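Enquirer: First the structure, which I've put down as structure tokens, then a few questions once you've had a look.
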Amino acid sequence: MSDLPKRDDLPADFLRGLMSPRISRRRALQLGGLSALSMTLAACGVKGSGGGGAAQPSSAVQSSAQSFWESQKKTGNLDFANWPLYIDASDTNKNDHPSIDTFTQQTGIKVKYSEVIQENASFFGKIQPQLAAGQSIGYDIIVITNGIYLDKLMELGYLTPLDQAMMKNFYANAGSVVKNPSYDKGNQFTMAWQSGITGIGYDPKRVGKEITSWQDLQDPELKGKVGMFGDTQDLPNSALLAVGVKPEESTEADWQKAADWLKKQRNAGLVRKYYEQDYITPLSKGDIWASMAWSGDIYQANASGASLKFVVPDEGAVIFTDNMCIPKKSAHPLDAMTYMDFVYQPKIAAVLAESIQYITPVPGAQAVMKQDAAAATGEDKAALEDLATSPLIFPTAQDAARLHRYRVLTPTEETKWNSIFEPIYQS
Amino acid sequence: MSRPRVAARLAPYLLALPAWLWLVIFFVVPTFVMLSMSTQTGDIVSGFQQTFRWRNYVDGWDRYHVQFIRSALYGLIATTACLLIAYPVAYWIAFRGGRHKASLLFLLLLPFFVSFVIRTQSWNFMLADNGIILSPLKHWGIVGESFEILATPAAVIGGLTYNFLPFMVLPIYVALERVDPALLDASADLYATKRAAFMRVVFPLSLPGVFAGVLLTFVPATADYVNAAILGGTNTTMIGNIIQTEFFTNLNYPMASTLSFILMAGLLIGVFAYARALGTEDVFGAVAGR
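Residue numbers (the working numbering), protein chains in the order written: chain A, 4 to 430; chain B, 17 to 306.
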């Protein structure tokens with residue numbers, strides 16, 4: 004499939020990369036002494052939906068997994084594929100990742116870290132032929148968002164079941180959101196890297212009042228000033244919440260209702276544009292005043308000088324999780340397991356959270372970050388204190404109660420779902 | 017038959033061989049793969065099977081005819097705008113450029129040294145609601161507070177016009193450059209007014225250039241997706257954006273191929289109809305720069 008002709012204009016990834024305001028992110032990094040994360044990360048929720056489980060019964064998976072893991076040996080090498088700007092970086096050299104250096108010091112495992120994942124769909128399209136042919140894709144860890152492509156990887160048997168015995172830090176420190184998640188019961192195949200919330204970001208000065216509900220995005224006063232996401236994951240699931248339906252339990256009739264809600268909004272001229280991932284600049288500049296937004300983006304925009312607000316609407320919001328998993332035929336699976344459990348130490352999780360600014364899978368990182376803040380001085384201190392108490396990194400219990408997972412879709416449902424929601428933003 | 021004569025006869029074919037191979041490998045083969053893909057069914061997970069489902073074409077048109085028609089319309093408007101802007105520019109450079117012709121042409125091409133996407137993205141910056149152009153206009157009350165350009169059809173068509181303008185200027189310039197100024201003197205000697213000389217001598221002679229320019233502008237403008245993606249909003253999606261989404265996001269290769277073929281067929285029909293209507297025999301020669 005990879006040899007199919009592409010349009011000769013520009014590769015989509017390239018276009019996307021250029022449309023994301025990386026430079027402002029880098030500035031954020033310099034200003035606050037904090038590292039940052041590309042918007043491309045947020046592409047996490049581009050397509051499809053759902054978070055189904057593995058096709059195989061767990062006991063069978065576990066027994067075959069056990070014999071697999073018993074025969075594995077440490078190799079001292081690890082190939083890690085991740086999204087751009089989704090890990091800590093040293094202040095002087097952005098290709099140097101202190102958390103990885105620590106890992107290499109402690110374990111002797113050398114890590115080749117590649118930022119090759121721009122989008123779930125296109126990355127899946129890239130690795131699928133090799134996985135289907137039973138070949139190694141050259142990576143031992145890949146990071147995939149819960150949703151249709153992760154489901155497919157699990158269902159097709161493209162992932163190596165994890166060695167539960169090696170997940171000591173995970174079971175000791177992982178938060179309830181990422182332990183035993185609905186899309187991967189018993190963490191058979193995945194361990195969370197980071198999570199994020201799709202809520203509403205807005206500029207309080209321009210909107211002139213507080214936004215608390217998805218219904219505020221139907222306010223005629225915001226005509227032409229609302230941004231929505233052009234995808235079949237975040238947009239439909241959020242719209243379902245807006246019409247008072249839990250996405251996980253929604254029926255086709257509900258989808259129609261959600262679509263009507265979205266059409267009403269579009270036809271009233273409220274929506275300026277359905278964004279892919281380039282919404283944050285227009286939001287900071289005032290082209291749009293309120294928009295669907297990913298939590299980490301808003302935090303980072305504020306770190307580079309914007310004064311935006313992020314809310315988890317009253318009706319609720321969807322949470323997405325990017326997951327580390329080991330593809331089949333990985334050359335260094337034991338080294339991969341070692342690393343995946345390594346990042347579940349609160350200290351390491353804190354280093355990552357301070358840089359990435361999405362929701363850390365390790366709540367215990369908060370205590371470490373508070374200590375770091377107490378020990379720091381000057382500008383760094385304020386920034387760290389801010390981070391350590393940020394509800395965007397450590398959601399409050401009140402917010403957490405209102406978070407939902409994407410609707411799980413069967414292939415037939417997916418076709419229906421897409422035919423209902425795609426025409427809304429592809430207009 | 018002696019050896020040198022055989023070599024001499026084969027030489028042109030051998031020289032043309034790289035070009036043929038190039039075309040076969042990178043155009044003919046992919047086109048066939050795509051044609052075959054366009055009638056397949058299935059999905060990325062279970063794979064695509066050839067089922068000769070020609071109904072894919074009906075489905076594609078049914079679902080996306082709005083975007084097809086919109087693309088053709090945007091392409092037409094942008095091409096017309098390009099023509100109206102480009103002709104005087106080309107005329108001026110060809111007849112009034114004098115010894116600065118080369119510099120003027122270079123200036124025209126200068127923006128091309130910057131990436132297409134970045135140039136388009138910079139429009140986003142300039143035309144922002146509170147950007148460097150609209151801010152003062154709003155401040156002086158020339159346009160209303162709620163006036164906006166970005167995310168409107170005007171922005172997309174403007175972007176297309178801007179990005180493809182040189183494709184229109186250059187062929188027209190080449191055609192006008194070849195017009196012998198002595199013809200104008202001859203027209204004057206025959207009591208033609210300047211206007212008549214232009215309408216009856218210069219303009220007809222430049223038609224091959226106009227034809228080439230229209231082709232070079234209309235075809236890529238209609239198939240473009242960058243401008244709509246960066247400058248567009250709701251109800252400005254072009255067919256290129258749909259194909260891009262089907263290919264890269266939905267991984268629905270049959271639908272993407274089907275739509276590409278409908279687009280290609282539409283453009284080819286349009287171009288041939290246009291060539292017939294214009295009635296110039298050697299129009300394609302003009303495209304080739306002859």
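Note that CB positions come from ideal geometry on N, CA and C, so glycine has one too.
As the structure is a computational prediction, the values presented were derived from the model and not from experiment.
Whose C-alpha, out of A:306, A:159 and A:127, is nearest the C-alpha of residue 145 of chain A?
Expert: Among A:306, A:159 and A:127, the Cα nearest to that of residue 145 of chain A is on A:127.
Enquirer: Quick one: complete alpha helix (DSSP H) runs, 4+ long, within the stretch 243 to 303 of chain B?
Expert: Counting only runs of 4 or more, we get 255 to 260, 269 to 294 and 299 to 303.
Enquirer: With a CB to CB cut of under 7 Å and the five nearest residues on each side skipped, what residues in its chain are close to residue 141 of chain B?
Expert: Taken in chain order, the residues that qualify are 147.
Enquirer: Report yes if the C-beta distance between residue 320 of chain A and residue 137 of chain A is below 7 Å; otherwise report no.
Expert: It is not a contact, given that the beta carbons lie outside the stated cut-off.
Enquirer: For residue 322 of chain A, tell me which candidate among A:249, A:289 and A:331 has the shortest Cα-Cα distance.
Expert: The shortest Cα separation from residue 322 of chain A among A:249, A:289 and A:331 belongs to A:249.
Enquirer: Using the three-state DSSP reduction, which class does residue 35 of chain B fall into: helix, strand or coil?
Expert: Reduced to three states, the DSSP call for residue 35 of chain B is helix.
Enquirer: In chain order, what residues of the same chain lie with their CB nearer than 7 Å to the CB of residue 302 of chain A, ignoring the 5 residues before and after it?
Expert: Cβ neighbours of residue 302 of chain A beyond the five flanking positions: 360, 393 and 395.
Enquirer: Relative to the alpha-carbon of residue 294 of chain B, which residue among B:172, B:230 and B:273 has its alpha-carbon at the smallest distance?
Expert: When only C-alpha atoms are compared, the closest one is B:230.
Enquirer: Under 7 Å, Cβ to Cβ, is there at least one residue of chain A near residue 144 of chain B?
Expert: Interface residue, yes.
Enquirer: Under the rule that 16 or more other beta-carbon atoms within 10 Å means buried, what is residue 369 of chain A, buried or exposed?
Expert: That one is buried.
Enquirer: Quick one, are the C-beta atoms of residue 215 of chain A and residue 317 of chain A less than 7 Å apart?
Expert: Going by C-beta atoms, residue 215 of chain A is nearer than 7 Å to residue 317 of chain A.
Enquirer: Quick check on the burial criterion: 16 or more other C-beta atoms within 10 angstroms. Buried or exposed for residue 428 of chain A?
Expert: Burial call: buried.
Enquirer: Are the CB atoms of residue 352 of chain A and residue 363 of chain A within a distance shorter than 7 Å?
Expert: Yes. Within cutoff.
Enquirer: Give the single residue among B:193, B:249 and B:242 whose Cα lies nearest to the Cα of residue 223 of chain B.
Expert: The shortest Cα separation from residue 223 of chain B among B:193, B:249 and B:242 belongs to B:193.
Enquirer: Which residues in the same chain have their Cβ closer than 6 Å to the Cβ of residue 335 of chain A, if we skip the five residues on either side of it in sequence?
Expert: So the list reads 78, 80, 81 and 143, once near-sequence residues are dropped.
Enquirer: In the DSSP assignment, the alpha helix (DSSP H) including residue 141 of chain B goes from what residue to what residue?
Expert: It spans 132 to 142 - the alpha helix (DSSP H) in which residue 141 of chain B sits, taken as one unbroken run.
Enquirer: For residue 360 of chain A, name the three-state secondary structure that DSSP assigns.
Expert: Coil, per DSSP.
Enquirer: Report whether the distance from the Cβ of residue 22 of chain B to the nearest heavy atom of the ligand FMN is below 6 Å.
Expert: The model depicted lacks the ligand FMN and carries no ligand whatsoever.
Enquirer: Terminal residues of the continuous alpha helix (DSSP H) containing residue 264 of chain A?
Expert: That run of the alpha helix (DSSP H) goes 255 to 270.
Enquirer: Between B:137, B:155 and B:112, which has its C-alpha nearest residue 247 of chain B's C-alpha?
Expert: Here the closest residue by C-alpha is B:137.
Enquirer: Once DSSP output is grouped into helix, strand and coil, what is the label at residue 98 of chain A?
Expert: In this structure, residue 98 of chain A counts as coil in the three-state DSSP scheme.
Enquirer: Closest Cβ-Cβ distance between residue 167 of chain B and chain A: below 7 Å?
Expert: True, the Cβ-Cβ gap to chain A drops below 7 Å.
Enquirer: Reducing DSSP to helix, strand and coil, say where residue 278 of chain A ends up.
Expert: Strand, per DSSP.
Enquirer: Determine whether the Cβ of residue 243 of chain B lies closer than 7 Å to any Cβ atom of chain A.
Expert: No, residue 243 of chain B lies away from the interface with chain A (no Cβ there is under 7 Å from its Cβ).
Enquirer: Quick check on this structure: which residue in B:170, B:78, B:214 and B:67 has the alpha carbon closest to the alpha carbon of residue 249 of chain B?
Expert: Among B:170, B:78, B:214 and B:67, the Cα nearest to that of residue 249 of chain B belongs to B:170.
Enquirer: Relative to the C-alpha of residue 189 of chain A, which candidate in A:179, A:155 and A:251 has its C-alpha closest?
Expert: With distances taken between Cα atoms, residue 189 of chain A lies closest to A:179.
Enquirer: For residue 347 of chain A and residue 106 of chain A, which I take to be in contact (beta-carbon distance under 8 Å), what is that distance rounded to the nearest angstrom?
Expert: 12 Å between Cβ atoms; not a contact.
Enquirer: So which residues of chain A does residue 284 of chain B contact, with C-beta pairs closer than 8 Å?
Expert: Per Cβ cutoff of 8 Å: no residues; residue 284 of chain B is ~17 Å from chain A at best.
Enquirer: Could you give the first and the last residue of the continuous alpha helix (DSSP H) run that contains residue 416 of chain A?
Expert: 414 to 428 is the extent of the alpha helix (DSSP H) around residue 416 of chain A.
Enquirer: Once DSSP output is grouped into helix, strand and coil, what is the label at residue 124 of chain B?
Expert: Helix, per DSSP.
Enquirer: Measuring alpha carbon to alpha carbon, tell me which of A:72, A:273 and A:191 ends up nearest residue 226 of chain A.
Expert: Ranking the options by Cα distance to residue 226 of chain A, first place goes to A:273.
Enquirer: Sorted by chain position, which residues of the same chain lie with C-beta nearer than 7 Å to residue 26 of chain A's C-beta, five sequence neighbours on each side aside?
Expert: Any reading at residue 26 of chain A must be qualified, since the residue scores a pLDDT of 29, below 50, and its modelled position is unreliable; no value is offered.
Enquirer: Closest Cβ-Cβ distance between residue 308 of chain B and chain A: below 7 Å?
Expert: This structure leaves residue 308 of chain B out entirely; chain B is present only between 17 and 306.
Enquirer: Should residue 95 of chain B and residue 253 of chain B be called a contact, given that it needs their Cβ atoms to be closer than 7 Å?
Expert: Cβ distance not < 7 Å, so residue 95 of chain B and residue 253 of chain B don't count as in contact.
Enquirer: Below 7 Å on C-beta distance, what does residue 430 of chain A contact in chain C?
Expert: Of the chains in the structure shown, none is chain C; the protein chains are A and B.
Enquirer: Determine the direct distance from the alpha carbon of residue 245 of chain B to that of residue 62 of chain B, and round the result to whole angstroms.
Expert: Approximately 31 Å between the Cα atoms of the pair.
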